[in-house]
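Okay, structure first, notes after.
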Amino acid sequence: MSQTNSGKQSQASEAKKAISLPISRVRLIMKSSPDVSSINQDALFLTTKATELFVQHLALTSFNNRSQTEANTLDYSDLAKTAEESDTFHFLTDILPKKILAQDYLKSLEQMQDEDSDF
Amino acid sequence: MASSSGNDDDLTIPRAAINKMIKETLPNVRVANDARELVVNCCTEFIHLISSEANEICNKSDKKTISPEHVINALESLGFASYITEVKDVLQECKTVALKRRKASSRLENLGIPEEELLRQQQELFAKARQQQAELAQQEWLQMQQAAQQAQMAAASASVTQQASSSQDEDDEDDM
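As they're listed, the protein sequences go chains A and B.
For the first sequence, position 44 (counting from the first letter as 1) is numbered 44 according to full-length UniProt numbering, and the numbering increases by one without interruption.
For the second sequence, position 45 (counting from the first letter as 1) is numbered 45 according to full-length UniProt numbering, and the numbering increases by one without interruption.
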């Protein structure tokens, strides 16, 4: 009896080591992509694990490139900066409105107004 | 948290799972709340990115289902080739775990009893059942026989009384 119990436990911990994100949720998100019909179970495992690695990768890269190097914190702006400056993470700029300085915005607004007056 | 909207695009990885991963990756680092929220949304965006690319690759092949190969090629073409070795390892692990689980459950069903013994017990049960069936059938046959005999006797006595009464009728008829 104890043998099967410890066998089950080691199986569970093996599975825990393998994947921590909920696979079913990943499947739902994948299926909400346009045109995606059916996904092989193994392909689902791969995508889930890749997403985990992505989170780790994004967090680490952003932290290492953070603007405030003296502080042990990770800010929204650190993530945004990484998305802007990295090729790999550039796809994230779609969901990241970059926070621009007010003076830059006013400057670009002026430029637009000048262009309009040319017509 | 119940989801009130049925909008597919609101699907995200649970916040708790992301928080846990961030904690494990960056221990002792304070992460702003809006940064966490952003990571959650980035995950969804990443999954969409990989799915779309893998789907395109799948469409170009003559397959209808997105395969592991398609996902790996998608990772490669999108600049995430560094993930490939590790995701492949995990896939192998998942398969092994699933295989072990199947073997373990079949082992549990035969807990302690070797297969020959199980077979022997099964044969015993079958033999017993056959015997009971035979006895039952025999009983029914006997009952049927008895019932048939009784019916015969009843029919015989009935015909005797009939004959007696019909011969009387004939006499009566002659007299008329």
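Backbone N, C-alpha and C define an ideal beta-carbon position, used for all residues, glycine too.
Values in this document were obtained by computation on a predicted structure and should not be read as measured data.
Residue i beta carbon near the ligand MN (any heavy atom closer than 6 Å)
i       : result
A/Arg25 : The ligand MN is not among the ligands present in this structure, which contains no ligands whatsoever.
Supposed close pair residue i, residue j - CB separation, criterion 8 Å
i        : j       : result
B/Val71  : B/Ala98 : Rounded, the Cβ-Cβ distance is 18 Å, inconsistent with contact.
A/Ala18  : B/Glu93 : 5 Å
A/Asp25  : B/Leu11 : Looking at the sequence shown, residue 25 of chain A is not Asp but Arg. Indeed they touch by this definition, with Cβ atoms about 7 Å apart.
B/Ala32  : A/Tyr76 : 6 Å
A/Met112 : B/Ser51 : So it is not a contact: roughly 37 Å between Cβ atoms.
A/Leu74  : B/Cys42 : Rounded, the Cβ-Cβ distance is 13 Å, inconsistent with contact.
Close beta carbons around residue i, own chain, < 6 Å, minus the five adjacent residues each side
i        : result
A/Leu79  : Ser62
B/Arg30  : none
B/Lys20  : none
A/Ala12  : Note that A/Ala12 scores a pLDDT of 46, beneath 50, so its modelled location is shaky; the value from the coordinates is reported in the next line. Hits under 6 Å: none found.
B/Ser3   : With a pLDDT of only 47 at B/Ser3, under 50, the local geometry of the prediction cannot be trusted, and no value is derived from it.
B/Ala104 : none
B/Thr85  : none
A/Leu28  : none
Straight-line Cα distance separating residue j from residue i
i        : j        : result
B/Glu124 : B/Ile13  : 56 Å
A/Val36  : A/Ala71  : 43 Å
B/Gly79  : A/Thr88  : 6 Å
A/Phe46  : B/Arg107 : The sequence shown places Leu at residue 46 of chain A, not Phe. Approximately 29 Å, taken between the alpha carbons.
A/Asn40  : B/Pro68  : 7 Å
A/Asp114 : A/Gln103 : 17 Å
B/Ser159 : B/Gln122 : 55 Å
A/Ala43  : B/His48  : 14 Å
B/Tyr83  : A/Thr51  : 10 Å
B/Ser77  : B/Ile113 : 54 Å
B/Ala148 : B/Gln132 : 24 Å
B/Ile57  : B/Val87  : 19 Å
B/Glu140 : B/Ala155 : 22 Å
B/Gln146 : B/Ala137 : 14 Å
B/Lys95  : B/Ala35  : 35 Å
A/Gln68  : B/Ala81  : 30 Å
A/Leu109 : A/Ser117 : 13 Å
A/His90  : B/Glu109 : 53 Å
A/Leu96  : A/Ser32  : 21 Å
B/Gln143 : B/Leu111 : 46 Å
B/Asn59  : B/Asn73  : 13 Å
B/Leu119 : B/Phe126 : 11 Å
B/Thr161 : B/Met153 : 13 Å
A/Thr82  : B/Arg102 : 44 Å
A/Asp94  : A/Tyr105 : 19 Å
A/Lys107 : A/Ser38  : 49 Å
B/Ala134 : B/Lys100 : 46 Å
Chain-order list of residues whose beta-carbon lies under 8 Å from that of residue i (same chain, five-residue window excluded)
i        : result
A/Glu85  : Asn65
B/Glu116 : none
B/Gln150 : none
B/Lys128 : none
Contacting residues, own chain, Cβ-Cβ under 7 Å from residue i (five flanking each side not counted)
i       : result
B/Val40 : Thr12, Ile13, Arg15 and Ile18
A/Thr48 : Ile19, Leu21, Ile23 and Val26
B/Leu91 : Pro68
Chain C within 7 Å of residue i, Cβ atoms only
i       : result
A/Ile23 : You won't find chain C in this structure, because its protein chains are A and B.
field: Inter-stretch contact at 8 Å, needing at least 3 Cβ pairs: the stretch 60 to 74 of chain A / the stretch 57 to 75 of chain B
entry: Because the criterion of three Cβ pairs below 8 Å is not met, the stretch 60 to 74 of chain A and the stretch 57 to 75 of chain B do not touch.
- prompt: Are the stretch 18 to 28 of chain B and the stretch 43 to 58 of chain A touching by the rule of at least three beta carbon pairs closer than 8 Å?
  reply: yes
query: Which of the residues in the stretch 97 to 121 of chain B, read from start to end, lie with their CB under 8 Å from any CB of chain A?
result: Of all residues in the stretch 97 to 121 of chain B, only Val97, Lys100, Arg101, Ala104, Arg107 and Leu108 place a beta-carbon less than 8 Å from a beta-carbon of chain A.
query: What residues from the stretch 40 to 56 of chain B come within 8 Å of chain A, judged by C-beta to C-beta, listed N to C?
result: Asn41, Cys42, Cys43, Thr44, Glu45, Phe46, Ile47, His48, Leu49, Ile50, Ser51, Ser52, Ala54 and Asn55
message: Residues of the stretch 51 to 69 of chain A in Cβ contact with chain B at a cutoff of 9 Å, in chain order, please.
response: Thr51, Glu52, Leu53, Phe54, Val55, Gln56, His57, Leu58, Ala59, Leu60, Ser62 and Phe63
message: To be precise: take each residue of the stretch 26 to 37 of chain B, compare its Cβ to all Cβ atoms of chain A, and keep it if any distance is under 7 Å. Which residues remain?
response: Here the close residues are Leu26, Asn28, Val29, Arg30, Val31, Ala32, Asp34 and Ala35.
- request: Taking a Cβ distance cut-off of 8 Å, strictly less, list which residues of the stretch 126 to 144 of chain B are near chain A, in chain order.
  value: none
query: What residues from the stretch 13 to 24 of chain B come within 9 Å of chain A, judged by C-beta to C-beta, listed N to C?
result: Ile13, Pro14, Ala17, Ile18, Lys20, Met21, Ile22 and Glu24
- prompt: Between the stretch 71 to 82 of chain A and chain B, which residues of the former have CB atoms less than 9 Å from a CB of the latter, in chain order?
  reply: Ala71, Asn72, Thr73, Leu74, Asp75, Tyr76, Ser77, Asp78, Leu79 and Ala80
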